[in-house]
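Heads up, the thing below is written out as structure tokens.
Chains as they are written, first to last, in my numbering: chain A, 1003 to 1247; chain B, 910 to 1357.
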């Protein structure tokens, strides 16, 4: 059984009298441990799909089943508790709390879970070291570069070892070199802990890091394919597949 | 989420915006100070008023008069005294029995006492609030042959061997010394003997002792300053002898004494009204207590306190608005942060609690600092009020209560004000906290 099952999800926004269809009936199945990139231009509905899967928005129609439980009708509190246990999140603009140090930021999801301070700090230290920031633990976000901040953000998403990690344009504010670094770290951690990673991006380069590529256009899935494991030169491979499709 | 962690986060947020937090706390502080100082002045006035009433007479005392008793009216006898004693909140009760003037002679050698003599329940004296200059109150085995004087009443002894200049004056002599009275009751021999109408001594003298010297006090009833106290039991015995000596016929049906007065001491001021009503219900309508003076005064004092407290409350309301404003500003600034917390799995209830805590902490800090400043302000007020009567404030507020502090902060006011300040803080936090709770987790995703 799939870890995430999206069944016929539609999302329609109403702006004044106009109806805008963001998602026009999307069905997907994402397996456990999959690293999945959702590619689309701005306005394609890719972020809406991610928000619906993470419980930040409700679908107008359709159903979402995660790990066997139907989460479509979850209340806000149920979602909060569900996210505590099962979901990590990486944001485009990092969204670190400015008053807290890197270490405290990473420990934040554990605070919400009610984990004790000693255990919390131990886990957060381990995760910060894993993203290569072992020397910057007591820095505040403003004292770090964008790449470093995003690595703190990644450590925060992984710290509670959730089943699923959603990343919404995680490299959107970074240059291409740092983007590759950040993606490498994220994919590496997901593989190491056998966690499911779902990355939303508009950057075809970034999308190549995953095992699977889903392209969304005008609220519909236009392309969905598993990529062969590719250490390098994956772009050519992908072109091939696309041609076949 | 653990409470400790929530508190730490709230505190961190407060410390992040130091200036704004300080200004908001200052608002609460001023409000707390205003309330505490105003109420403390009200309390001080009440206390001063009670003390000046106390100088006029004990405010917990009720007098029963029985002079113009009708034939069918309730008798103020031993049975009536017992039923009064059994009422709730009665500390002590004693009948007052006036011995007929010149009914007996109290003497110590050639010196004789010609002041007033009252028969009372001597065992009740201490509870009635009488105080001693020397010695100890008599115990139950002693009261039967005890007589108590005050230093002032001892000057009522005169020398029977002299026709004139037979008294000691209690005024200072040429050298400014007050001469001692003839008799020292604690060491000298004392006895009492009944007199006939012709002034002849009758029967065998009864030996008396004095265990103590009462403090002279005009304000008490019966007063100690010009009278001697004996026990009711001795008074009864002397009356019987007097009746025999003068061949007074008494009604055999009515052997017990019918007292002219009784005095009741209530446990505290608040029971006086209730007890007086109960005594009226028993049939003794002629009573007196300071209650008819104290009642209206207290009402007035309550009004003053209400007005003073109201003035203070207005400034605390302004402070509450300050807290609301600060919190809403802070939530507006932290919208994104709150969204992020929600995405990371923070339960809505925890967010609400954190904001309420933040507001409560502002209240707590304001309350505590305000209390410290209130104590200082109270000390300053009392200092200026007590120094010199030319002071306007002291003259204005302290006129009826010289010597007592104008501003009094009892522990309950101190504790209450801090609790109140925290309460106001938390209450002010409700509206902003509700706003914070409604912030959508989506705001975290949206790009600026």
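For each residue, glycine too, the CB sits at the ideal point set by N, CA and C. On a predicted model such as this, the values are computed, not experimentally measured, just so you know.
For residue 1354 of chain B, the nearest CB of chain A lies under 8 Å from its own CB, placing it at the interface with that chain.
In the assembly as shown, residue 1081 of chain A is a buried residue. Its beta-carbon has 16 or more other beta-carbons within 10 Å. One Cα belongs to residue 1212 of chain B, the other to residue 954 of chain B, and the distance between them is close to 12 Å. For residue 922 of chain B, the neighbours in chain A by C-beta distance under 8 Å run, in chain order, 1101. Per DSSP, residue 1012 of chain A is one residue of the beta strand (DSSP E) stretching across 1006 to 1017.
Every unbroken stretch of the alpha helix (DSSP H) spanning 4 or more residues and falling wholly within the stretch 946 to 1004 of chain B is given here in chain order: 987 to 994. With its beta carbon at least 8 Å from every one in chain B, residue 1150 of chain A lies outside the interface.
The Cβ of residue 1253 of chain B sits closer than 8 Å to at least one Cβ of chain A. Cβ proximity to chain B below 9 Å picks out 1049, 1052, 1053, 1056, 1057, 1058, 1059 from the stretch 1043 to 1072 of chain A. In this structure, DSSP gives residue 1255 of chain B a state outside helix and strand, which the three-state scheme calls coil. Taking 8 Å as the cut-off, the beta carbon of residue 1271 of chain B is found closer than this to the beta carbon of residue 934 of chain B.
Looking at the DSSP output, residue 1026 of chain A bridges to A/1012.
Beta bridge pairing from DSSP links residue 1063 of chain A with A/1012.
Excluding the 5 residues flanking it on each side, residue 938 of chain B has same chain C-beta neighbours closer than 6 Å at 1275, 1278, 1279, in chain order. In the DSSP assignment, residue 1280 of chain B is bridged to no other residue. In chain order, 1251, 1254, 1255, 1256, 1257 make up the part of chain B whose C-beta sits under 7 Å from the C-beta of residue 1082 of chain A.
By the Cβ rule, the stretch 1195 to 1207 of chain A counts as touching the stretch 1029 to 1042 of chain A, because three or more pairs are nearer than 8 Å. With respect to chain B, the C-beta atom of residue 1197 of chain A has no partner C-beta closer than 8 Å. Under DSSP, the beta-bridge partners assigned to residue 1055 of chain B are B/1118. Identification of chain B residues near residue 1079 of chain A by a Cβ-Cβ cut-off of 9 Å yields 1256, 1257, 1258, ordered along the chain. Between residue 1198 of chain B and residue 960 of chain B, the gap from beta carbon to beta carbon reaches 8 Å or more.
By the rule that beta-carbons nearer than 8 Å mark a contact, residue 911 of chain B touches chain A.
Contact check between the stretch 1066 to 1080 of chain A and the stretch 1144 to 1158 of chain A: fewer than three CB pairs, one atom from each, fall below 8 Å, which does not count as touching. Residue 1016 of chain A has a beta carbon lying at 8 Å or more from every beta carbon in chain B. Take residue 1049 of chain B, set aside five residues on each side of it, and the residues of its chain with a beta-carbon closer than 7 Å to its own are 1032, in chain order. DSSP places residue 1227 of chain A in the strand class (E or B) of the three-state scheme. Around the C-beta of residue 964 of chain B, fewer than 16 other C-beta atoms lie within 10 Å, and the residue is accordingly described as exposed. Beta-bridge partners of residue 1017 of chain B (DSSP): B/1020. Between residue 1172 of chain B and residue 958 of chain B, the CB-CB gap reaches or exceeds 8 Å. Apart from sequence neighbours up to five positions away, the residues of its chain that approach residue 949 of chain B with a beta-carbon distance below 6 Å are 1287, 1316, 1317, 1318, ordered along the chain.
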